[in-house]
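Novice:
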Amino acid sequence: MFCESTQDGFRNSEDARAQPQLDCAHPPNVHKNIVLTIPAELEFVHVLGRCACALLSEIAGLQEAERTLYNLELAIQEIGVNIVTHAYADHSGQVVMTAARNDAHSHIIVTLEDTGNSFDPLAIPAPALGHLQEHGFGLFLAGELLDELQYEIHATGNCWRLKKSYAIDHSSEEGELACKVHP
Numbered sequence: 000m001f002c003e004s005t006q007d008g009f010r011n012s013e014d015a016r017a018q019p020q021l022d023c024a025h026p027p028n029v030h031k032n033i034v035l036t037i038p039a040e041l042e043f044v045h046v047l048g049r050c051a052c053a054l055l056s057e058i059a060g061l062q063e064a065e066r067t068l069y070n071l072e073l074a075i076q077e078i079g080v081n082i083v084t085h086a087y088a089d090h091s092g093q094v095v096m097t098a099a100r101n102d103a104h105s106h107i108i109v110t111l112e113d114t115g116n117s118f119d120p121l122a123i124p125a126p127a128l129g130h131l132q133e134h135g136f137g138l139f140l141a142g143e144l145l146d147e148l149q150y151e152i153h154a155t156g157n158c159w160r161l162k163k164s165y166a167i168d169h170s171s172e173e174g175e176l177a178c179k180v181h182p
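Using numbering that gives the first Met the number 0, the final residue of the sequence shown is 182, and nothing's skipped along the way.
Here it is in structure tokens:
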């Protein structure tokens, strides 16, 4: 199954064969990357977002740096929390993150892999905006914060693919750090 996030929730591909299988282990055209494995426990989820943001925070001239990093970190947190609380609701496991920065195309691709329970994103209704609800905004929020959010079930588990574009101001001074990672 291959699903993509849209404004109205997730949608299934018209033809799953037309969609490339997400290659979580080998992102293309990588400038820099990080691979990190954490226990699937809530106390470790924050590490995923911070490590991915570290790849972007070193870029001199990153435009809208605080906003870009915050949005990326929050989206990763939302997906990470969902993996821990839902995919591993009845057993323990690990989450493997690969964050790959592609400066030629000005984007970062983050994949989150797990071997927990899979789910059908098409069965998750879009949140009722304007109505108070305690849960159900995580996937919607992540989809709004990212350029792309995809989910695929593999024979070995689940793979989330998050894509966030960024812009660079090339007139900034060489060596100046773009911003700091949020504590």
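Virtual Cβ for every residue (Gly too), placed ideally from N, Cα, C.
Could you check what DSSP says for Glu40 in three-state terms: helix, strand or coil?
Specialist: coil
Novice: Using a Cβ-Cβ cut-off of 8 Å (strictly less than) and excluding sequence neighbours within five positions of Val83, which residues of its own chain qualify?
Specialist: Ala39, Glu40, Leu41, Val44 and Val94
Novice: Taking 8 Å as the threshold (C-beta atoms), are Ile75 and Ala51 in contact?
Specialist: yes
Novice: With 16 other CB atoms within 10 Å as the buried threshold, where does Gly135 fall?
Specialist: exposed
Novice: Can you find a C-beta in chain D that's less than 8 Å from the C-beta of Gly142?
Specialist: Here chain D cannot be found, since the structure has a single protein chain.
Novice: Let me know the secondary structure DSSP gives Tyr69 once reduced to three states.
Specialist: In the three-state reduction of the DSSP assignment, Tyr69 falls in the helix class, which pools H, G and I.
Novice: May I ask you to verify whether the stretch 51-65 touches the stretch 107-121, counting CB pairs closer than 8 Å and requiring at least 3?
Specialist: yes
Novice: Let me make sure I understand the geometry here. Which of Leu35, Val34, Ser170 and Ser164 has the alpha-carbon closest to that of Ala103?
Specialist: Cα-wise, what sits closest to Ala103 is Ser164.
Novice: Roughly how far, in whole angstroms, is the beta-carbon of Met96 from the beta-carbon of Leu47, given that I think they are within contact range, below 8 Å?
Specialist: In this structure, Met96 and Leu47 form a Cβ contact; the two beta carbons are roughly 5 Å apart against a cut-off of 8 Å.
Novice: Shortest alpha-carbon distance to Leu138 belongs to which of Ile58, Asp119, Gly156 and Ala99?
Specialist: Asp119
Novice: Measuring alpha carbon to alpha carbon, tell me which residue in Glu63, Tyr150 and Gly129 is nearest Leu121.
Specialist: Tyr150
Novice: Give me the Cα-Cα distance between His30 and Ala98, rounded to the nearest whole angstrom.
Specialist: In this structure, the alpha-carbon of His30 lies about 11 Å from that of Ala98.
Novice: According to DSSP, what are the bridge partners of Gly129?
Specialist: In DSSP, Gly129 forms no bridge with anything.
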